[in-house]
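Quick notes on the structure that follows.
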Amino acid sequence: MEIFHPAEILSRDEIAAVQTRRLARVVKRAARSPFYKAKLDEMGVDPESITSLDDLTRLPLTTKDDLRASYPFGMLADEHRELVRLHASSGTTGAPTVVYHTEKDLRTWADLMARCMHMAGMRKEDVFQNIAGYGLFTGGLGIHYGAERLGCLTIPAGAGNTARQIKLLRDFNVSAVHIIPSYALYLAGVVAEQGLDPRDLPPRIALIGAEPHSEEARRRIEEMLGLKAYNSYGLSEMNGPGVAFECEHQNGMHLWEDSYIAEILDPQTQEPVAEGEVGELVMTTLTREAMPLLRYRTRDLTRFLPGECACGRLHRRIDRITGRADDMLIIKGVNIYPMQIEKILLAVPEVAQNYQIVLEREGYIDQIKVRVEIKEEFFIEDMRVLGGIQKRIAGLLRNELLVTPRVELVEAKSLPTSEGKASRVVDLRETKD
Ligand code: AMP
Ligand code: ZN
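Residue numbers (the working numbering): 327 to 759.
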């Protein structure tokens, strides 16, 4: 196995030793921030008393609301003059939260990111195009510095302007890209619409992440664009991308345990779930100086995958994110995650790249409607054929969800697209007393 960083091949014992040492250090550092100082005092935890991994459960959990409440500086563990950058979460679910970095933090992050890219098969010789918003979003600069650290010729393409993206891919013979999955599907559709085969585009590797996507979406991206797509997971609170990443085996994401301690807890009780069960991913930063976070509740739902990966790396793997704890829809008493719907839709050959989930209320009853784009060649069929497709999709969804959604077929490229993270649920329910 070729590695980028020696930490990739630590043994389980070595990982535990690194975690123990770094946990003790990070708690002391966190205690320098007004927020954690108060929190640890209140809980009666002496930072000096953290000496083993078992001490983790004595530490407070941290939530997004805590971050918001201590906006803008309450969680800083470092002097202002040591800070060199800040990032903020994209705020898909409310007010943004800010994370600060020292110069060393940025180096550590770039190293982690480069490690991920290398693990997915990228090398110094690759020409890399970063199709992501540059700005507060960490997928811009975070990925960018990782690619440069690896030594790739890096094109900061930014988001949007599809025609220019395609031109850059071709002109510079780009071999690897970072792209948000919904935008990858959109871009492939645009090329196909021009009567060209998206498989003829040069890239051989795509790093896809930043938003939940199903295995079916990955397969589509791989088939349409003729490349290998690797799942990339991260969140700005944990730096951004570079937290967990797929290796060449594409069977779950190795979470870098020398840099993060990960727990999977029941979102209701905050107790650990049974081995291999799905729960909320909770993480502690082990290396960040400017703004350490202890036991941060990501609200992302996943599980640890059992067994060892064939690649030989012993950092545990997490399953693809099935949704966020706050993504869950409750329709007619049934819990539904948007990813369940995507998984079904994108496995239907007639379905084009985009869909939308609309929640409506009739009287006191919530209804779910799924609007699905149908590929052009099928949309021109007669009503009978379309009616058949609609029934088939409704049946598949009913089997998966246990409620029957309304299915509306719409023309390809008629639903809204986004240059950043897709927002696919439209809630038209008004609260009635
Ligand atoms: P932000 O910090 O604004 O970039 O948002 C981070 C959030 O994006 C995470 O907490 C996840 O909910 C989501 N996310 C990032 N990467 C992935 C991924 N590979 N799969 C699913 N969700 C992801
Ligand atoms: Zn592996």
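Backbone N, C-alpha and C fix where the C-beta goes; we use that ideal spot for every residue, glycine too.
Since the model is a prediction, treat every value here as computed from it, not as a measurement.
Residues near residue i by beta carbon distance below 8 Å, same chain, minus five either side
i	result
Phe498	Val453, Gln455, Leu479 and Ile481
Arg724	Thr730 and Pro731
Ile341	Glu583, Asp584, Leu640 and His641
Leu511	Ala543, Arg546, Ile547, Met550, Gln679 and Asn680
Thr346	Thr377, Ser378 and Leu379
Thr428	Asp404, Glu408, Leu409, Val410, Glu615 and Ala616
Ile662	Met654, Leu655, Ile656, Ile694, Leu727 and Val729
Same chain, Cβ closer than 6 Å to residue i, neighbours up to 5 away in sequence not counted
i	result
Ala600	none
Leu393	Thr423
Thr610	Ile587, Leu620 and Arg621
Glu374	none
Phe705	Glu737
Glu668	Ser540
Leu631	Gly578, Arg643 and Asp645
Leu728	Val660
Lys658	Val729
Val677	Leu671 and Val698
Val516	Thr488
Ala473	Phe454 and Thr480
Residue i - partner residues in DSSP beta bridges
i	result
Tyr426	Leu412
Ile341	None, per the DSSP bridge assignment.
Ala588	Met609
Pro598	Leu591
Tyr648	The sequence shown places Thr at residue 648, not Tyr. Answer is none; Thr648 lacks a bridge partner.
Arg732	Lys695
Asp626	Arg650
Arg643	His580
Asp753	Leu685
Expected contact under 8 Å - CB spacing of residue i and residue j to nearest Å
i	j	result
Thr423	Glu563	7 Å
Leu551	Pro567	In fact, because the Cβ distance is near 20 Å, the residues do not count as touching under 8 Å.
Ser508	Leu533	Contact flag wrong, Cβ pair sits at about 15 Å.
Gln679	Glu726	Incorrect: roughly 20 Å between the Cβ atoms, too far for contact.
Arg629	Gly602	6 Å
Close Cβ partners of residue i (< 7 Å) along its chain, the five nearest in sequence each way excluded
i	result
Ile329	Ile335
Ala350	Ile376 and Thr377
Leu402	Ser359, Tyr426, Ala616 and Met617
Thr434	Thr613
Ala357	Lys363, Leu366 and Pro373
Leu553	Pro529, Arg530, Ile531 and Ala532
Whether residue i touches residue j by CB criterion (8 Å)
i	j	result
Val608	Arg623	yes
Val353	Leu612	no
Ala738	Glu702	yes
Gly465	Ala458	yes
Leu409	Ala616	yes
Cys573	Met445	yes
Met327	Gly560	no
Ile469	His413	no
Gly578	Arg643	yes
Leu712	Leu685	no
Thr741	Arg697	Checking the sequence, you will find Leu at residue 741 rather than Thr. Cβ atoms of Leu741 and Arg697: closer than 8 Å.
Lys747	Glu537	yes
Arg750	Ile683	yes
Leu495	Leu527	yes
Leu387	Ala440	no
Leu722	Ile700	no
Leu432	Tyr471	yes
Val371	Arg384	yes
Phe361	Ser337	no
Residue i beta carbon near the ligand ATP (any heavy atom closer than 7 Å)
i	result
His575	No copy of the ligand ATP appears in this structure; the ligands present are the ligand AMP and the ligand ZN.
query: Can you list, in chain order, the stretches of the alpha helix (DSSP H) that have 4 or more residues and sit fully within the segment 534-585?
result: Counting whole runs of 4 or more residues, the segment 534-585 contains the alpha helix (DSSP H) stretches 541-551.
- request: Return the chain-ordered ranges of every alpha helix (DSSP H) run that is complete within the segment 669-718 and spans a minimum of 4 residues.
  value: 702-705
Any alpha helix (DSSP H) of 4 or more consecutive residues that is wholly inside the segment 417-503: Whole alpha helix (DSSP H) segments, 4+ residues: 429-445, 464-476 and 488-497.
Those runs of the alpha helix (DSSP H) which lie wholly inside the segment 361-411 and span at least 4 residues: 390-395
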